[in-house]
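Notes follow the structure.
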Amino acid sequence: MKQQEKFQLRTETQEGRCLVFLSGELDLESASQLRAAMAPLVELADRELVLNLRDLKYIDSTGIGIFVSVLKARHAKQAPFAVEAIPPGIRKLFDMTGITPFLTKS
């Protein structure tokens, strides 16, 4: 049986952007870690907030719900938010739920 890849996140600030790199598996068990890390970042309306999912292996509905909550909060503040480097399997899930256009830059 495959061992679950532990969820991790790392933040980096660069020229008006706050990048959050997610890796491993984002599920109900790890959601509180993401929620806690995102709370202060959502408030930074003067910076673009970008989630980089390149190394994210799995996301469940709890994780998607957090992304949607962040999207709504950023929209209310008229602050830029995007998700980048979405792995194909996760993009397919985003496409099926209809949230891809709201999370990615045109």
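Using UniProt numbering, the first residue of the sequence shown is number 1, and each one after it goes up by one. A virtual CB, placed ideally from N, CA and C, is assigned to each residue, including glycine. Small disclaimer: the values here were computed from a predicted structure and weren't measured.
Using DSSP bridges, identify the partner residues of residue i.
i: Q78; result: Q78 pairs with nothing; no bridge assigned.
i: F21; result: R10 and N52
i: L26; result: I59
Counting C-beta neighbours from all protein chains within 10 Å, is the total for residue i 16 or more, i.e. buried, or is it exposed?
i: G63; result: buried
i: V83; result: buried
i: R10; result: exposed
i: R74; result: buried
i: M96; result: exposed
i: E5; result: exposed
i: S69; result: exposed
i: S32; result: exposed
i: S61; result: exposed
i: M1; result: Since pLDDT at M1 reaches only 38, below the 50 mark, its modelled position is unreliable, and the value read off the structure follows with that caveat. Flag for M1 reads exposed.
Is it a yes or a no for the segment 41–49 touching the segment 25–32, going by three-plus beta-carbon pairs under 8 Å?
-> no
In chain order, each alpha helix (DSSP H) run of at least 4 residues that lies wholly inside the segment 30–106 | 31–42, 61–76, 88–97 and 100–103
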